[in-house]
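Below is one structure, written out as structure tokens, with a few remarks after it.
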Amino acid sequence: MSEVIKISLPDGSVREMPQGSTPGDVAAAIGPGLAKAALAAKVNGELRDINRPLEGDTELALVTSRDEAEALELARHDFAHVLAEAVQALWPGTQITFGPATDDGFYYDVKAPTTRDPFSMDDLPAIEEKMREIIKADKPLRREIWSRQQLIDKWSAEGETFKAEWAAELPENEELTVYWSGDDWLDMCRGPHLPSTGKLDPQAFKLMRVAGAYWRGDQNNAQLTRIYGTGWLNKKQLNAHLTRLEEAAKRDHRKLGQEMNLFHLQSEAHGSVFWHPHGYQIWRELEAYMRRAIDGAGYNEVKTPQVMDARQWEQSGHWGKYRENMFVIPDEVPNTEDEGPIVSDAAEWMALKPMNCPAHVLIFRQGIKSYRDLPLRIYENGCCHRNEPHGALHGLMRVRQFTQDDAHIFCTEDQIVEEVQAFCRLADRIYKDFGFTYAIKLALRPEQRFGSDADWDKAENELRDAVVRAGLATEEFGWEELPGEGAFYAPKLEWHLTDAIGRTWQVGTIQSDRVLPERLDASYIGEDGEKHRPVMLHRAIFGSYERFIGILIEHFAGRLPVWLAPVQAVVATIVSDADAYASESISKLQAAGIRVESDFRNEKINYKVREHSLAKVPYLLVMGMREAEEGTVAVRTLGEKEQRVMSIDDAITMLKEAATPPDLR
RNA sequence: GCUGCUGUAGCUCAGUGGUAGAGCGCACCCUUGGUAAGGGUGAGGCCGAGAGUUCAAUUCUCUCUAGCAGCACCA
């Protein structure tokens, strides 16, 4: 072996270093500034510790805080370890388990010693303080290789039963790594880590909350306490993140829905929405928009039964694979006597539909279909009920009754790619109309599924093909494949929207399904005069009206575009002598199709301006005696301080223009 | 469904082992005013449901229920 190793650096230069040098040594050789800034290294593309000796000739890139993604990942991982160390320092006997980095921080799952209650929010300040101490102590983080037995012995001796269990399941001969923090604390970890705790900014993290979590994510296992933190490279980033969270809280659709009087939820119908007039106006506008879209795209709208016999759900497969999410109903006249059960043991079952697909197949099956009928696109604003776990319910985003913009395209094998591409174009147009950008992802076969592997290969390939050929399977569109995330009957293409503050929401989907046509015996007569099985494409763009409206409220922070705003204008009078003129103006506005309300109350104009601004009404039309005499109106646009005085006719023209839906412009 | 926290007026929230309070909203009165809160008076509560402890429970304990945050699951 030679005495020197050759290090290729990103700028193309090659540096010779003595055998056994570390990336840190290389940094030092390049310059003291870099030596100080270097946090870790990419060795042949793999992220590694700065002090881990290089093995032979390598390509090396030093990672500094400028490499934000890597630096954040390292910092968050280190914060997690410091968190665990702090908790054990404060409460000896605490068991530690796992602590990874997350999208905006880190967490660590711990189990409090039996001598105290599980950790709570009240403990967080003390833990934060201890973490700062550990960071300020600038403890070196040192990698060591241990054998499996060493690990098992150590964890067993210290009563770390979870760690011991985990270690015992690791491969026997693999080199396992531990990291020391100083000389007094260690955790087993694959690494890599920063060279010392002092590289962390003690002002760049905050512990956020505690929550229950299970050992290995299985609810049959021990309950642990998960301590969540958010972690960044510096205080400025942390503050920006905290501001973002505040912004998200302000946009919370549950809060805005209450304030704007759009809808409410109550325990007697938990998980189902009571739409108020203003909220339902948004719905109606979306429904009208979607009807224009599907009418123009060759769909046929239908309406299908809410309740079907259990035998039908058995045949479709839902009874077997989906029953725990279904509401079942006895098909029997209930007993009205005071005595005895309401329903007998002999009752047959029916169920509320959790999906629209079987009913659409039943429509397809009516009459004999020819290949000339295909593709046949059946659309429904389908109201579905799903018996969701109570803990999953969340405002409009996760409910038990929801209406999908659901359609099923029955087509031949040859038509699949074209139909998927047409759908991609339709979805693209619609999401852009609402101002969303999106990413497309392919959810591949789940463990629990119907159908042969060959069918799944085919289905996955054709979805992938369609997107690739449409040029959408690129980084720019966030293309990604998600193993195991498909539906039980088909793989899914998923559209993930990005909203105004950068959060993503899965809404649209298209799935190619060969299972359901088979199970429900759908067929068409081909050119050859023989019976063939159609392929069924399940697809939705809004996903559900409930959820999509929730997303819109948060995306626009309640300030919906004029065409969607439940109240597009409020006419507010300054003095009651202007009421007659205002009433007349309102009639004209209404005749022009503007959704306008009046505010003739005995309040000052300041008060009215404030109230309607907070209610996020796009236009406030102010009328006093001056306007009444001149036939004008003072228009105040939401978010602007200036007012514009114009004639009523001009105001109507302007409002009509502003209120035109994007697809009709 | 699991764990933790919470449930007091329409809304947001104080508070107490001796059956309750604020602000906003609402009603009425005065005020008719020019672009983000004019003044006064008043009405509103089985203190989430059930059980237990107690002379006495909205307050303490338990069970249930709903909400919230996570987990698990999903449009």
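The numbers in our numbering rise by one with no breaks, and the one at position 88 of the first sequence is 1365.
We treat Cβ as the ideally placed atom computed from N, Cα and C, and that holds for glycine.
| Query | Result |
| --- | --- |
| Beta carbon of A1636 nearer than 9 Å to that of W1596 | no |
| Selected residue, minimal CA-CA separation from T1909, among I1559, V1848, R1561 and M1537 | V1848 |
| Backbone CA spacing between F1713 and G1755 [nearest angstrom] | 14 Å |
| Euclidean distance between Cα positions of R1949 and P1938 | It is not possible to answer for residue 1949, since the shown part of the chain is limited to 1278 through 1942. |
| Residues near G1297 by beta carbon distance below 7 Å, same chain, minus five either side | P1330 |
| Cβ-based burial, L1351 [other Cβ within 10 Å; buried from 16] | buried |
| Rounded C-alpha distance that separates S1290 from A1315 | 18 Å |
| Paired residues, beta bridge with D1876 - DSSP | A1849 |
| When P1768, A1799 and G1835 are compared against H1815, the one with the closest alpha-carbon | P1768 |
| Same chain only: Cβ atoms within 7 Å of Q1583, ignoring 5 sequence neighbours per side | L1629, K1630 and C1660 |
| Meets three-Cβ-pair contact criterion under 8 Å: the segment 1548 to 1561 and the segment 1681 to 1694 | no |
| Rounded straight-line distance, which links the Cα of V1303 to that of M1278 | Low local confidence applies: a pLDDT of 49 at M1278 is under 50, so the model's placement there is unreliable, with the coordinate-based value given in what follows. In a straight line, the C-alpha of M1278 is about 20 Å away from that of V1303. |
| DSSP bridge partner residues for I1571 (one or two, in chain order) | Note: I1571 sits in no beta bridge, so no partner. |
| Whole-Å CB distance - L1719 paired with F1687, under 8 Å assumed | 22 Å between Cβ atoms; not a contact. |
| Nearest neighbour of G1459, chosen from E1421, A1490, G1763 and E1323 [CA to CA] | E1421 |
| Cβ shell of M1943 (< 7 Å), same chain only, five flanking positions each side left out | Past the boundaries of the shown model lies residue 1943; the chain is included only from 1278 to 1942, so the question cannot be answered. |
| Opening and closing residue of the beta strand (DSSP E) in which D1992 lies | In this structure the chain extends from 1278 to 1942, so residue 1992 is not present and cannot be described. |
| DSSP three-state assignment for L1719, whether helix, strand or coil | strand |
| Rounded C-alpha distance that separates G1820 from D1732 | 25 Å |
| Inter-residue Cα distance where the pair is V1579 and E1657 | 5 Å |
| Residues bridged to K1388 (per DSSP) | Q1372 |
| Backbone CA spacing between L1501 and G1436 [nearest angstrom] | 16 Å |
| Exposure label - E1695; buried when at least 16 CB within 10 Å | exposed |
| Beta-bridge partners of V1291, as assigned by DSSP | S1285 |
| Cβ pair F1482, W1509 closer than 9 Å | yes |
| P1295 classed as buried or exposed, judged by whether at least 16 other C-beta atoms fall within 10 angstroms | exposed |
| Meets three-Cβ-pair contact criterion under 8 Å: the segment 1382 to 1400 and the segment 1450 to 1457 | no |
| D1380, DSSP secondary structure in three states | coil |
| Integer Cβ distance of P1766 from V1792, believed to fall under 8 Å | Before going further, note that residue 1766 is Tyr rather than Pro in the sequence given. Confirmed, Cβ separation roughly 5 Å. |
| Per DSSP, cross-strand counterpart(s) of N1612 | DSSP, once it has assigned bridges, lists no residue as partnering N1612. |
| Outcome for L1447 when other beta-carbon atoms lying within 10 angstroms are tallied against a minimum of 16 | exposed |
| Delimiting residues of the beta strand (DSSP E) encompassing G1506 | Q1500 to G1508 |
| Cβ shell of E1280 (< 8 Å), same chain only, five flanking positions each side left out | P1295 and Q1296 |
| Reference D1381, options L1519, I1404 and S1285, closest by Cα | L1519 |
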